[in-house]
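Enquirer: Sharing a structure here in C-alpha cells format.
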Amino acid sequence: MVKSTRHAKYELYYHIVFVPKSRGIFDSADLAEQGSAQYRRSRLTEKTKERLETIFAEICEDKGLELAECEVMPNHVHLFIGSPPKNAPSLIVNWVKGISARKYNQQYDDRVKWTRSYYVGTAGSASKGAVEHYIAEQEGDDE
C-alpha cells in the first residue's frame with residue numbers, strides 16, 4: 001500500500017536477515033574446524049523466539065516502521081519492514097539489532113547477541129523490469 005509524508009509518496013520494504021552469535025565458548029581447534037558455522041547454532045527457539053517477535057514489533061511501532069512479516073528461525077531472523085524514505089536501511093538494521101539485544105538482555109537471563117553482519121534487500125510493488133519500462137516510456141513525453 002502506498003503511504004505518504006508531507007513531500008513524498010512511497011512504498012519501501014526491506015527484507016532483513018541476521019544471525020545470533022553463538023553463546024558457546026570454543027577453543028581454537030573448534031573454531032578452525034567449524035569456521036563461520038559457529039554462528040549457525042540453533043538457539044532462537046521457544047520462549048526466546050516469542051520474546052524476540054514481541055520486541056521486534058515494539059521497536060517497529062516505536063520507530064514508526066511497519067513490521068509486515070517476522071520469522072524468527074532457530075539460527076537466524078527474517079524481517080520484512082516497511083519504512084519511510086528518511087530511514088536508511090542500515091539505520092533500520094542498527095535499530096532492530098541494537099535495541100532488540102539491549103531490551104532482551106535487560107529483561108531476561110539468557111542473553112542474545114547478534115553478529116555484525118546482515119543481509120538487506122529492497123522490495124516494493126514494482127519490479128525492476130516495470131520501472132525500466134516506465135522510464136523508457138517517459139523519454140518521448142517531453143517533446
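Anchor point for the sequence shown: position 105 equals 105 in UniProt numbering, and the numbering is continuous, going up by one each time. Beta carbons: idealized from backbone N, C-alpha and C, even for Gly. Nothing here was measured: the structure is a model prediction, and the numbers come from that model.
Would a C-beta distance cut-off of 9 Å place Tyr119 and Val2 closer than the cut-off?
Expert: no
Enquirer: Could you check which residue in Pro85, Glu58, Tyr13 and Lys86 has the C-alpha nearest to that of Lys97?
Expert: Per the Cα distances, Glu58.
Enquirer: In chain order, what residues of the same chain lie with their CB nearer than 8 Å to the CB of Tyr10, ignoring the 5 residues before and after it?
Expert: Annotation for Tyr10: Val2, Lys3, Ser4, Pro84 and Pro85 place their beta carbon closer than 8 Å to its own, counting only its chain and skipping 5 residues before and after.
Enquirer: In chain order, what residues of the same chain have a beta carbon less than 6 Å from the beta carbon of Glu66, not counting five sequence neighbours either side?
Expert: Same-chain partners within the cutoff: Gly82.
Enquirer: Rounded to the nearest angstrom, what separates Cys70 and Ser127 at their Cα positions?
Expert: 22 Å
Enquirer: Are the beta-carbon atoms belonging to Leu44 and Asn75 less than 9 Å from one another?
Expert: yes
Enquirer: Could you check if Ile92 is buried or exposed, using at least 16 other CB atoms within 10 Å of its CB as the buried criterion?
Expert: buried
Enquirer: Quick check on DSSP: helix, strand or coil for Glu58?
Expert: helix
Enquirer: Can you tell me which of Leu12, Cys60 and Asp109 puts its alpha carbon nearest to the alpha carbon of Ile99?
Expert: Cys60
Enquirer: Thinking C-alpha only, which one of Thr122, Pro89 and Lys103 is nearest Lys113?
Expert: The shortest Cα separation from Lys113 among Thr122, Pro89 and Lys103 belongs to Lys103.
Enquirer: I need the DSSP call for His7, collapsed to helix, strand or coil.
Expert: coil
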